[in-house]
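In UniProt numbering, the protein residues as written are 1 to 126. Using N, Cα and C, we set each Cβ at its ideal position, and we do this for glycine too.
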């Protein structure tokens with residue numbers, strides 16, 4: 001399991017992709033990844049796993065798309081943002097969520113990211 005973009009900002013052992021390694025369940029998880037493409041650890045905290053998923057996809061989308069990311073504009077909390085600005089803000093927020101080591105749940109940052117995502121989701125194709 002590569003997770004290139006996540007590995008660039010955090011050690012995988014501190015993520016859903018590396019939680020609880022060497023607890024005797026590695027072969028079970030390997031089989032789940034073979035069958036489903038992911039293992040059960042990714043379901044232990046879907047609110048967290050979603051932001052890892054979104055971060056990786058946004059990073060690649062930004063790298064490989066062939067569209068004008070300044071074309072679409074969205075009104076987010078009263079401010080007009082381009083698709084590029086939305087992507088950059090979501091990437092920044094996801095990175096904060098993924099690397100955060102505190103005890104708060106980052107409710108505000110998570111909600112801001114979801115608010116942006118729901119506004120621009122239908123333009124996230126190329």
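(message) Using 8 Å as the cut-off, can you tell me whether the region 66-83 makes contact with the region 91-101, which would need three or more C-beta pairs spanning the two stretches below that distance?
(response) no
(request) Flag this pair as yes or no: are the beta carbons of residue 5 and residue 56 separated by less than 7 Å? (result) yes
(message) Can you determine whether any heavy atom of the ligand FMN sits closer than 6 Å to the C-beta of residue 119, and answer yes or no?
(response) Ligands displayed in this structure: none; no statement on the ligand FMN is therefore possible.
(request) Use the C-beta contact count for residue 9: other C-beta atoms within 10 angstroms, 16 or more gives buried, fewer gives exposed. (result) exposed
(request) Please report the Cβ distance between residue 85 and residue 71, rounded to the nearest whole angstrom; I am assuming they are in contact, meaning their Cβ atoms lie under 8 Å. (result) Rounded, the Cβ-Cβ distance is 12 Å, inconsistent with contact.
(message) For residue 67, which residues in the same chain have their Cβ closer than 7 Å to its Cβ, ignoring the five residues on either side in sequence?
(response) 126
(request) Hey, could you find the ends of the beta strand (DSSP E) residue 82 is sitting in? (result) 79-82
(message) Can you give me the C-alpha to C-alpha distance between residue 121 and residue 74, rounded to a whole angstrom?
(response) 11 Å
(message) In the DSSP output, which residue or residues are listed as bridge partners for residue 76?
(response) 79
(request) Return the residue from the list 69, 3, 24 and 30 that minimises the CA-CA distance to residue 49. (result) 3
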